[in-house]
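Here's the structure we're looking at; comments come further down.
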Amino acid sequence: MKYCLTSAVIAAFLLIPFVDIQAVDRGDNRELQEILEWWPTDANPGPVKDEERGGHWWWPNKAGQIKPWGNRGYVYVKGGYTTKPSESEIEEARKAEEKASKAKEIERVKRAKEEAARIKKAKELEGAARLKKAQEEAERIRKTQELEEAKRAKELEEAQKAKAEETARIKKAQELEEAKLAQKKDKKTEIYDTIVSDKDNVLLVTDFSSGTKRVFGGFAGEFGTWEHDPKDETQFCRMGIGETLDRFGKPDYFVRLNYDVDSPRPAFNGFWMKLNDLDVTPYEYVSFLVKGEDKFTTQFKIELKNRKGERVVYFISGITPDWQRIMVPLDKLKKVNAITDWTDMTEFVIVFDDILATEKVGTICIDDLNFAKFGWEKVERRRVR
0 MKYCLTSAVI AAFLLIPFVD IQAVDRGDNR ELQEILEWWP TDANPGPVKD EERGGHWWWP
60 NKAGQIKPWG NRGYVYVKGG YTTKPSESEI EEARKAEEKA SKAKEIERVK RAKEEAARIK
120 KAKELEGAAR LKKAQEEAER IRKTQELEEA KRAKELEEAQ KAKAEETARI KKAQELEEAK
180 LAQKKDKKTE IYDTIVSDKD NVLLVTDFSS GTKRVFGGFA GEFGTWEHDP KDETQFCRMG
240 IGETLDRFGK PDYFVRLNYD VDSPRPAFNG FWMKLNDLDV TPYEYVSFLV KGEDKFTTQF
300 KIELKNRKGE RVVYFISGIT PDWQRIMVPL DKLKKVNAIT DWTDMTEFVI VFDDILATEK
360 VGTICIDDLN FAKFGWEKVE RRRVR
């Protein structure tokens, strides 16, 4: 009987660890579940045996601290057994953990304050640097503005000076021109007076003295303007009568030809005047007065035609804004042999064309068309005083 009782006690003692293992496997014990949360990892390789606390097994937690295992009597660890730590040991471990946690918090707060101080100082330095940079930029802008203002002021002063000089130059030029015109005493009229006074040597075709478009002094017949392509509105020649005063204050008339040969198509036009079958064999020159107004070509062509339909062409150049007399030697025209009969001349023609014209749109003035027996030098010497 005694033997059976002893055997039962021993069996019960041996079964205690297995009951605890089942509790761990079921996971229905909170404290055992807490132990399982600290199962070995790569960072925490396993439990530590503390010989100073009676050889109890302890487990390092995530913060590297030692945590006692549960409060049960026996726990199975890697095939061995350990006993529950005493209440004093648990309390000591808890206090150590709290102390370590407080130390860690203190260190964290310290580091946070140091980091905040560092950030504050960095911001202050950055703000000072930005302020300095802004001040330097403002100073640079101010200096640039001062330089630009000084430059503009200098340019304005130079422009005003140049304008004043140009005004003075124009005024002086006008005064010289007025003096020149006063000295000329209407050279055009003097030339005309010389020619009409020498009727034995000059055959006046027309002087446009009537101021009308169809009646002129001289031997002129009908006249007008002509156009190569009347349907092309981009090219034309239109005629008007210009008027000035001679040196005696009487009206003096001339023909004003407004031409345009600026066309995308071939363009040429001009002025024609009938000569009424004039015999020009006694004469040496065909002569007329010419000038340009505003924009004008400095060169054009003239043509002479006879009753046979023969035609000779001559190029006129050197046109200026002032009246000048053009003297065309007839012997040069005769050498061309384009006209065989000079006893029956029918027409005088002026031609503007898009190839020859130096200005494709402009105005040319014509006056005093005649045939003369002597050159311009002789006319000057024989001029009426």
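Per numbering that gives the first Met the number 0: the sequence shown = residues 0 to 384. Glycine included, C-beta positions come from ideal geometry on N, C-alpha and C.
Comparing alpha-carbon positions, which option in the options lies nearest residue i?
i, options, result
"Asn305", "Glu147, Arg255, Phe287 and Thr342", "Thr342"
"Met344", "Pro265, Val360, Gly220 and Asn257", "Gly220"
"Phe314", "Tyr252, Asp206 and Phe299", "Phe299"
"Ile363", "Asn369, Leu277, Ala266 and Asn257", "Asn257"
"Glu283", "Ala128, Leu202, Glu164 and Pro320", "Leu202"
"Gly317", "Thr357, Pro328 and Asp293", "Thr357"
"Asp228", "Val254, Pro250, Phe267 and Val348", "Phe267"
"Val254", "Glu226, Thr205 and Phe295", "Thr205"
"Thr243", "Ile105, Ile118, Tyr252 and Cys236", "Tyr252"
"Val360", "Lys132, Asp366 and Asp352", "Asp352"
"Leu274", "Leu303, Lys120 and Glu148", "Leu303"
"Lys230", "Arg141, Pro265 and Ile240", "Pro265"
So, is residue i buried or exposed, given that buried needs 16 or more other C-beta atoms within 10 angstroms?
i, result
"Val312", "exposed"
"Lys290", "buried"
"Val350", "buried"
"Asp367", "buried"
"Leu329", "buried"
"Gly63", "For Gly63, the predicted model reports a pLDDT of 44, less than 50, meaning its position is unreliable and no value from the coordinates is stated."
"Val74", "Its pLDDT being 38, under 50, Val74 is placed unreliably by the model, and the measurement read from it follows with that caveat. By the 10 Å Cβ count, Val74 comes out buried."
Check for me: the beta strand (DSSP E) holding residue i runs from which residue to which?
i, result
"Lys249", "Run containing Lys249: none; DSSP gives neither H nor E here."
"Lys290", "Tyr284 to Glu292"
"Asp366", "Val360 to Ala371"
"Lys304", "Gln298 to Asn305"
"Val201", "Val201 to Thr205"
"Gly223", "Phe222 to Glu226"
"Gly269", "Phe267 to Leu277"
"Thr319", "Per DSSP, Thr319 belongs to no beta strand (DSSP E) and is neither H nor E."
"Leu244", "Phe235 to Leu244"
Could you give the C-beta distance for residue i and residue j, rounded to a whole number, given that I count them as a contact under 8 Å?
i, j, result
"Ser262", "Ile325", "With 8 Å as the limit, Ser262 and Ile325 do not qualify as a contact, their Cβ atoms being about 27 Å apart."
"Gly269", "Thr233", "Between Thr233 and Gly269 the Cβ distance is about 16 Å, and since that is not below 8 Å, they are no contact."
"Glu309", "Thr280", "About 14 Å separates the two Cβ atoms, so there is no contact after all."
Consider the C-beta atom of residue i and the heavy atoms of the ligand MG; say whether any pair is separated by less than 8 Å.
i, result
"Ile318", "In terms of ligand content, the structure shown is empty, and the ligand MG therefore cannot be addressed."
Output yes or no for whether 9 Å exceeds the beta carbon distance between residue i and residue j.
i, j, result
"Phe295", "Asp259", "no"
"Trp271", "Phe222", "yes"
"Phe347", "Ile301", "yes"
"Ile365", "Leu277", "no"
"Asn200", "Lys333", "no"
"Pro250", "Glu292", "no"
So the alpha helix (DSSP H) residue i belongs to, where does it begin and stop?
i, result
"Asp343", "Looking at the DSSP string, Asp343 is not in any alpha helix (DSSP H), and its letter there is neither H nor E."
"Leu329", "Leu329 to Lys334"
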